[in-house]
Amino acid sequence: MKEKLQSIKEEALRQIQEADLPEKLNDVRVKFLGKKGELTAVLKGMKDVAAEERPKVGQMVNEVRAEIEGILEETKKKMDAKLLEERLKTEVIDVTLPSKKNVVGHRHPNTIALEEVENIFVGMGYEVVEGPEIEYDLYNFEKLNIPADHPAKDEQDTFYINKDIVLRTQTSPVQARIMEQGKLPIRMIAPGRVFRSDEVDATHSPSFHQIEGLVIDKNVSFADLKGTLEVFAKELFGPDTKTKFRPHHFPFTEPSAEVDVTCFKCGGKGCRFCKGSGWIEILGCGMVHPHVLEMCGIDPNEYSGFAFGVGLERIALLKYEIDDMRLLYENDIRFLKQF
Amino acid sequence: MNTSLSWVKAYVPDLDVTEQEYTDAMTLSGTKVEGYEKLDADLDKIVVGQIKKIERHPDADKLVICQVDIGTETIQIVTGAPNVEEGQKVPVVLDGGRVAGGHDGSKTEGGIEIKKGKLRGVESFGMMCSIEELGSTRDMYPEAPENGIYIFEDDVEVGADAVEVLGLHDAVFEYEITSNRVDCFSVIGIAREAAATFRKEFHPPVVTETGNNEDVNDYIKVTVENKDLCPRYCARVVKNIKIGPSPKWMQRRLASVGIRPINNLVDITNYVMEEYGQPMHAYDLDTIAKSEIIVRNAQEGETFVTLDGQERHLDKDVLMICDGEKSIGIAGIMGGENSMITDDVKTMLFEAACFDGTNIRKSSKRVGLRTDASGKFEKGLDPNNAKAAIDRACQLVEEMGAGEVVGGTVDVYSKVKEPVRVAFDPEAINTLLGTDIPKEEMLSYFEKIGLAYDEATGEIIAPTYRHDIFRMADLAEEVARFYGYDNIPTTLPKGESTTGKLSYKLRIEGVARDIAEFCGFSQGMTYSFESPKVFDKLRLAEDAPERKAIQILNPLGEDYSIMRTISLNGMLTSLATNYNRRNKDVRLYELGNIYLPQSLPLTELPEERMQFTLGMYGEGDFFTMKGVVEEFLEKVGMRKKETYDPNAGKPFLHPGRQANIIYDGTVIGYLGEIHPLVAETYGIGGRAYVAVIDMPEIVSRATFDRKYEGIAKFPAVTRDISMVVPKEILAGQIEEMIEQRGGSILESYKLFDLYEGAQIKEGYKSVAYSIVFRAKDRTLEEADVAKAMKKILNGLESMGIELRQ
Chain F
1 MKEKLQSIKE
11 EALRQIQEAD
21 LPEKLNDVRV
31 KFLGKKGELT
41 AVLKGMKDVA
51 AEERPKVGQM
61 VNEVRAEIEG
71 ILEETKKKMD
81 AKLLEERLKT
91 EVIDVTLPSK
101 KNVVGHRHPN
111 TIALEEVENI
121 FVGMGYEVVE
131 GPEIEYDLYN
141 FEKLNIPADH
151 PAKDEQDTFY
161 INKDIVLRTQ
171 TSPVQARIME
181 QGKLPIRMIA
191 PGRVFRSDEV
201 DATHSPSFHQ
211 IEGLVIDKNV
221 SFADLKGTLE
231 VFAKELFGPD
241 TKTKFRPHHF
251 PFTEPSAEVD
261 VTCFKCGGKG
271 CRFCKGSGWI
281 EILGCGMVHP
291 HVLEMCGIDP
301 NEYSGFAFGV
311 GLERIALLKY
321 EIDDMRLLYE
331 NDIRFLKQF
Chain Y
1 MNTSLSWVKA
11 YVPDLDVTEQ
21 EYTDAMTLSG
31 TKVEGYEKLD
41 ADLDKIVVGQ
51 IKKIERHPDA
61 DKLVICQVDI
71 GTETIQIVTG
81 APNVEEGQKV
91 PVVLDGGRVA
101 GGHDGSKTEG
111 GIEIKKGKLR
121 GVESFGMMCS
131 IEELGSTRDM
141 YPEAPENGIY
151 IFEDDVEVGA
161 DAVEVLGLHD
171 AVFEYEITSN
181 RVDCFSVIGI
191 AREAAATFRK
201 EFHPPVVTET
211 GNNEDVNDYI
221 KVTVENKDLC
231 PRYCARVVKN
241 IKIGPSPKWM
251 QRRLASVGIR
261 PINNLVDITN
271 YVMEEYGQPM
281 HAYDLDTIAK
291 SEIIVRNAQE
301 GETFVTLDGQ
311 ERHLDKDVLM
321 ICDGEKSIGI
331 AGIMGGENSM
341 ITDDVKTMLF
351 EAACFDGTNI
361 RKSSKRVGLR
371 TDASGKFEKG
381 LDPNNAKAAI
391 DRACQLVEEM
401 GAGEVVGGTV
411 DVYSKVKEPV
421 RVAFDPEAIN
431 TLLGTDIPKE
441 EMLSYFEKIG
451 LAYDEATGEI
461 IAPTYRHDIF
471 RMADLAEEVA
481 RFYGYDNIPT
491 TLPKGESTTG
501 KLSYKLRIEG
511 VARDIAEFCG
521 FSQGMTYSFE
531 SPKVFDKLRL
541 AEDAPERKAI
551 QILNPLGEDY
561 SIMRTISLNG
571 MLTSLATNYN
581 RRNKDVRLYE
591 LGNIYLPQSL
601 PLTELPEERM
611 QFTLGMYGEG
621 DFFTMKGVVE
631 EFLEKVGMRK
641 KETYDPNAGK
651 PFLHPGRQAN
661 IIYDGTVIGY
671 LGEIHPLVAE
681 TYGIGGRAYV
691 AVIDMPEIVS
701 RATFDRKYEG
711 IAKFPAVTRD
721 ISMVVPKEIL
731 AGQIEEMIEQ
741 RGGSILESYK
751 LFDLYEGAQI
761 KEGYKSVAYS
771 IVFRAKDRTL
781 EEADVAKAMK
791 KILNGLESMG
801 IELRQ
């Protein structure tokens, strides 16, 4: 019996060694360990074994079975590993072949710049609102301290629909509209399209965008205006950006300023981009003129505020180094794809 | 506005700054310097030399050899200049020096270096210069010869700095003066600011009394008929006029700001205009009929010849200067040919007036004539400046010996302009600025710029030339300017906190952008105004409502003359641009307004409707576009099923490939393939597709509310049906039937096959749907599904659809 088991075992091991595919290993398992397998047959033949021998033989059979199973398992593992290794080898790809892209569209550079500006101010508690693009002369000019016959009306080259209605020349009328609603305090920005009768060229467009900003509250100061726009400039152009406030004149603010930022190309050393000055003008601002507050029903003795206006295209052209404004309105896909 | 630094220094003698320092400080105190030009930038080693001896060049007919005394030595210079003579004093650039350009007036950046060398074998140690080589022109230096070396006057010292003698060690500054600071359109105004900026003494010209013992009223009578348009009119008379050149210092100053010296009289009026900012005019008194000046409006349709010889057409709103018989000048704009000063003038009338700025501006536009004078008047001048200016002019006449000034001034000044008083509240100023500036410091700034303090009333008195100062905020600006904007602290607004957010409409537009871009569309922007031809290009009917568009009164041209009522033109134009440039597979979107008038002509603001416009050509078709629309509606929470009505009636779309998009019974937009004729008109080859979504309809229906509905726990049952359908029945009708009959267990359905062709009988198409049923609370029984299917199939059969088993 012992010899028989030994020969079964040897035969099994030999066949395991010969097997070159997992299926063949399985055949071996069935042949020796299966219900109709040779070891099973030995167990079935126990009735011919003397009763006292049976436990011993049973143990021997189980030992042989365990040994065969162990080797089978081990061999299978090795075989699987080898097969996997071979498969992986055959599946090598050229990772430098072109990618398969889902075609995604591109946002207009104006919008990208606008969203950056919006994010900065929304983070500071400003609401983003809008006003009409076709506007009453009253809001576009008069309520902004630009009465009839004011030279600023000519300067702004207004498109007229009739004597009372214009294409707004600035986003500032939104200031007046929001102030008139009388909900104080106010912190808002108002982006939008504005129009001036400039012929189209590399730096002019009869239609462009501005972003108006307005804060009205008690005790708002010029220092607050400076602080706010400094934060804005650093957020938009980088933490090393410095700002310079220059006195200027706008009819609807007093005092007024124009703001320069250090050239983000040369960092202020002076280059062709900033025409050697190291500074780039980006916006106009000031303390809301007390007469404007009065006209909008706000008591200038109780409330004060500041306002600013940024040219969106100017920001976009500067930030993305676009050298011709006309590109913004041609919608050539080769241009848009770069943003 | 331009000034030379030397002219400013004439009134601020202690000013000692570099050009850059001046530029920076003036800009920061509110007088923005746009740039400056150093007149001597390219001039180096140029001295006054005297020609001692001239000999012929042995080898060149056109050259001569000069021995030139340059003070320290005598050097030899070979020249081809035609005008040299022994004894002349001339500018000489020495070996290693630089001149600005060639004698033909061409300038070389950085100048031209002059080196000693040989001319036709004869040594030359420098060059004698023409005015052009020194960087100027005969216009500005009228004494210079037309062709040849500049010759100095005899009293010039040999060896002196020639650039100095010519007044070219100077810099000219260009300023951007804002409209509120009319006073700074004068050298005195600029100098006053400079003195305050640099804290130096300001010395304006001291105007002395002028005139003989005659009375001007014996020479001229002035009547101002329109006092509103002419608040002040000052006239003085000069007789025994001696026309001649003005002195060099005056010529140099005029030249430095680009004004050509002419003769003493013209130069004086120009000089005073620059110095005081007050335009003046001179009439030949002998041409003035009845010794009378009348200021009145022109006759409607009057024609008048101005001193430039042009005939001008006037209307009744143009203010005229007239004599007893005729018009002699357009007030504030230009004098007439009939009264102009000629070389034979004996007696002259000086006019310094103040005219209404708006009227001058408008008249100047209507007459089509803008002059230096009108440019100044239209800003609205200070009437109190007129008298000072005319007296200054007469002072210069006397000093220069240009004539005999008659005593007295005719001064018609109806409404005297008084200084404005503003309550001075240093605390309020500090609160507005966020500063802590002592009162005394504020007062010191005010004093520098001529704002007086009335201690008794606590008021600041603003001089009449400062017509921009009315209230506290205006004083705050003056304080801020001289305290320095840079020195004001930086803080952030305190007070109640507010919520930062986008308006709901803007949020929805953000979703539109996201979806469009996910679907491969890039954002374009087009103009809001366009040509009325657009309607024909889009094949719109003569009575189409889109043709009711708002017109711009003063457009840039017909192509930009109406406000768009339909967003497609911009999109199609952009697609065509791309097509022309051979860009493949282009997908664009735009978010922009259309403008719909309630009525025309416009009496109230039009409705501005935001349109979400998508356009594409190349890869993709109608259903690609339809997919984008549906993705968008889903993302903005519009979950009901939208339907499509092929009878959209859009003449610019393919008649068989267009649909209105209907949601909840309302048309919210349309989509379709561009009509081949329209595509051809725009120059788009191949098929192009567009979709336009009317955003207000979206904003009113969109929601960002979401509720979790759970994930199905019980299995679904799927049934496929295959049908032969009459061609005219739309998939949408089949789906409507499935939805109606499917009952509560209907989960979804999907078209999986559509075929028209050989195997299908004429007039029919083969359609197959996969229908999914599921119950939320149990596993469906076969009977449930069979019941629902039976209903659906019966319904379909009732439509004339044959079922294929």
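Protein chains in written order, with full-length UniProt numbering: chain F, 1 to 339; chain Y, 1 to 805.
C-beta atoms are modelled at their ideal positions from N, C-alpha and C, and glycine is treated no differently.
All of these numbers come straight from a predicted model, not from anything done at the bench.
Exercise. Would you give the residue range spanned by the alpha helix (DSSP H) that F/Arg14 belongs to?
Key: Position 14 of the first sequence, counted from the start, is the residue given in the question as residue 14 of chain F. Segment Lys2 to Glu18, the alpha helix (DSSP H) holding F/Arg14.
Self-check item: Span of the beta strand (DSSP E) around F/Gly213
Solution: Residue numbering aside, residue 213 of chain F sits at position 213 when the first sequence is read from its first letter. F/Gly213 -> beta strand (DSSP E) spans Ser207 to Asp217.
Quiz item: Going along the chain, which residues of the stretch 211-228 of chain F sit with their C-beta nearer than 8 Å to a C-beta in chain Y?
Solution: Val215, Asp217, Lys218, Asn219, Val220, Ser221, Phe222, Ala223, Asp224, Lys226, Gly227 and Thr228
Quiz item: When the Cα of F/Phe335 is compared with those of Y/Lys326, Y/Asn578, Y/Asn338 and Y/Glu123, which residue comes out closest?
Solution: Residue 335 of chain F sits at position 335 when you count from the first residue of the first sequence. Ranking the options by Cα distance to F/Phe335, first place goes to Y/Asn578.
Quiz item: Span of the alpha helix (DSSP H) holding residue 807 of chain Y?
Solution: This structure cannot speak to residue 807 of chain Y, because chain Y is shown only from 1 to 805.
Exercise. Using the Cα positions of Y/Thr703 and Y/Val511, report the straight-line distance between them to the nearest angstrom.
Key: By one-based count along the second sequence, residue 703 of chain Y stands at place 703. By one-based count along the second sequence, residue 511 of chain Y stands at place 511. Approximately 12 Å, taken between the alpha carbons.
Quiz item: Per DSSP, Y/Gln611 is paired with what?
Solution: In the second sequence, residue 611 of chain Y corresponds to position 611, counting from 1. For Y/Gln611, which the question treats as bridged, DSSP gives the partners Y/Gly592 and Y/Asp694.
Quiz item: Going along the chain, which residues of the stretch 24-40 of chain F sit with their C-beta nearer than 8 Å to a C-beta in chain Y?
Solution: none
Quiz item: Out of Y/Asn297, Y/Thr23 and Y/Val479, which has the shortest C-alpha to C-alpha gap to Y/Val172?
Solution: By one-based count along the second sequence, residue 172 of chain Y stands at place 172. Closest option to Y/Val172, Cα to Cα, is Y/Thr23.
Quiz prompt | Bridge partners - Y/Met234, DSSP secondary structure assignment | solution = Position 234 of the second sequence, counted from the start, is the residue given in the question as residue 234 of chain Y. Here residue 234 of chain Y turns out to be Cys, not Met, going by the sequence shown. Note: Y/Cys234 sits in a beta bridge opposite Y/Ala352 and Y/Asp411.
Quiz prompt | Beta-bridge partners of F/Gly309, as assigned by DSSP | solution = For the purposes of this step, residue 309 of chain F is identified with residue 309 of the first sequence, where counting begins at 1. Paired residues: F/Glu212 and F/Gly284.
Self-check item: is_contact[Y/Phe518, chain F] using C-beta, thresh 8 Å
Solution: Counting from one through the second sequence, the residue named residue 518 of chain Y turns up at place 518. Taking Cβ atoms only, chain F reaches closer than 8 Å to Y/Phe518, which makes this a yes.
Practice problem: Alpha carbon to alpha carbon, how far is Y/Ser414 from Y/Asp215? Give it in angstroms, no decimals. | Solution: Taking the first residue of the second sequence as position 1, residue 215 of chain Y is located at position 215. Taking the first residue of the second sequence as position 1, residue 414 of chain Y is located at position 414. Roughly 21 Å separates the two Cα atoms.
Quiz item: Do Y/Phe355 and Y/Ala331 have their C-beta atoms within less than 8 Å of each other?
Solution: On the second sequence, residue 355 of chain Y is found 355 positions in, with the first residue counted as 1. On the second sequence, residue 331 of chain Y is found 331 positions in, with the first residue counted as 1. A contact, by the Cβ cut-off of 8 Å.
Quiz item: Residue ranges of each alpha helix (DSSP H) run of no fewer than 4 residues wholly in the stretch 7-65 of chain Y, ordered along the chain?
Solution: 19-28
Practice problem: Could you tell me which chain F residues have their CB closer than 7 Å to the CB of Y/Lys32, listed as they occur along the chain? | Solution: As a working note, residue 32 of chain Y is residue 32 in the second sequence. Result: Arg246.
Exercise. Can you tell me the Cβ-Cβ gap for Y/Tyr219 and Y/Ser291, rounded? I've got them flagged as a contact below 8 Å.
Key: In the second sequence, counting from the first residue as 1, residue 219 of chain Y sits at position 219. In the second sequence, counting from the first residue as 1, residue 291 of chain Y sits at position 291. Yes, Y/Tyr219 and Y/Ser291 are in contact; Cβ-Cβ is about 6 Å, under 8 Å.
Quiz prompt | Through-space distance from F/Leu312 to F/Leu318, alpha-carbon basis | solution = Start at 1 with the first residue of the first sequence, and residue 318 of chain F comes out as number 318. Start at 1 with the first residue of the first sequence, and residue 312 of chain F comes out as number 312. If you take the alpha carbons of F/Leu318 and F/Leu312, they lie about 10 Å apart.
Quiz prompt | Beta-bridge pairing of Y/Thr3 - partner residues as DSSP gives them | solution = Numbered from 1 along the second sequence, position 3 holds the residue referred to as residue 3 of chain Y. Answer is Y/Phe173, bridged to Y/Thr3.
Quiz item: How about F/Gly105 and Y/Glu630: are their beta carbons less than 8 Å apart?
Solution: Residue mapping note: residue 105 of chain F aligns to position 105 of the first sequence, counting from 1. Residue mapping note: residue 630 of chain Y aligns to position 630 of the second sequence, counting from 1. No, the Cβ-Cβ distance between F/Gly105 and Y/Glu630 is not below 8 Å.
Self-check item: Neighbour-count burial assignment, F/Leu83, 16 or more Cβ in a 10 Å radius
Solution: The sequence position of residue 83 of chain F within the first sequence is 83, counting from 1. Result: exposed.
Exercise. Classify F/Ala81 as helix, strand or coil using the three-state DSSP reduction.
Key: Counting from one through the first sequence, the residue named residue 81 of chain F turns up at place 81. It is helical.
Exercise. Along the alpha helix (DSSP H) that carries F/Pro173, what are the first and last residues, could you check?
Key: Translated into positions along the first sequence, residue 173 of chain F becomes position 173. Residues Pro173 to Gln181.
Quiz item: DSSP on Y/Met320, reduced to helix/strand/coil?
Solution: Position 320 of the second sequence, counting from 1, holds the residue named residue 320 of chain Y. Note: Y/Met320 maps to strand in three-state DSSP.
Quiz item: Considering only residues of the stretch 372-438 of chain Y, which uninterrupted beta strand (DSSP E) runs meet the minimum length of 3 residues and lie entirely inside it, listed in chain order?
Solution: 410-413 and 420-423
Exercise. Within the same chain, show all residues whose beta-carbon is closer than 6 Å to that of F/Ser256, passing over the 5 residues directly before and after it, in chain order.
Key: Mapped onto the first sequence, residue 256 of chain F falls at position 256. Excluding sequence neighbours, F/Ser256 sits near His248, His249, Phe250 and Gly286.
Exercise. Compute the Euclidean distance between the alpha carbons of F/Val259 and Y/Lys533, then round it to the nearest angstrom.
Key: Position 259 of the first sequence, counted from the first residue, corresponds to residue 259 of chain F. Position 533 of the second sequence, counted from the first residue, corresponds to residue 533 of chain Y. The straight-line gap from Cα to Cα measures roughly 43 Å.
Quiz prompt | Residues that DSSP places opposite Y/His654 in a beta bridge | solution = As a first step, residue 654 of chain Y must be located in the second sequence, where it is residue number 654. BP columns for Y/His654 are empty, so no partner.
Quiz item: According to the neighbour-count rule (16 or more other Cβ atoms, all chains shown, within 10 Å of its Cβ), is Y/Val206 buried or exposed?
Solution: Along the second sequence, one-based indexing puts residue 206 of chain Y at 206. Result: exposed.
Quiz item: Quick one: does Y/Val628 have its CB under 8 Å from some CB of chain F?
Solution: The residue labelled residue 628 of chain Y in the question sits at position 628 within the second sequence. No, Y/Val628 does not count as interfacial toward chain F.
Practice problem: Please decide whether Y/Leu314 counts as near chain F, where near means a Cβ-Cβ distance under 8 Å. | Solution: The residue labelled residue 314 of chain Y in the question sits at position 314 within the second sequence. So, not an interface residue.
Self-check item: Distance, F/Leu72 Cα to F/Met95 Cα
Solution: If you number the first sequence from 1, residue 95 of chain F lands on position 95. If you number the first sequence from 1, residue 72 of chain F lands on position 72. The question names Met, yet the displayed sequence has Val at residue 95 of chain F. In a straight line, the C-alpha of F/Val95 is about 38 Å away from that of F/Leu72.
Quiz item: How would you label Y/Gln598, buried or exposed, when you count the other beta carbons within 10 angstroms and need 16 or more for buried?
Solution: One-based indexing of the second sequence puts residue 598 of chain Y at position 598. Y/Gln598 comes out exposed.
Quiz prompt | CB of Y/His467 within 8 Å of CB of Y/Gly375, strictly | solution = Translated into the one-based positions of the second sequence, residue 467 of chain Y becomes position 467. Translated into the one-based positions of the second sequence, residue 375 of chain Y becomes position 375. Going by C-beta atoms, Y/His467 is not nearer than 8 Å to Y/Gly375.
Quiz item: Is Y/Arg774 buried or exposed, if buried means 16 or more other CB atoms sit within 10 Å of its CB?
Solution: Along the second sequence, read from residue 1 onward, the residue named residue 774 of chain Y stands at position 774. Its Cβ being crowded by 16 or more others within 10 Å, Y/Arg774 is buried.
Self-check item: Neighbourhood of F/Ser197 by C-beta distance below 8 Å, restricted to the same chain and skipping five residues each side
Solution: Along the first sequence, one-based indexing puts residue 197 of chain F at 197. Hits under 8 Å: Asp157, Thr158, Phe159 and Pro206.
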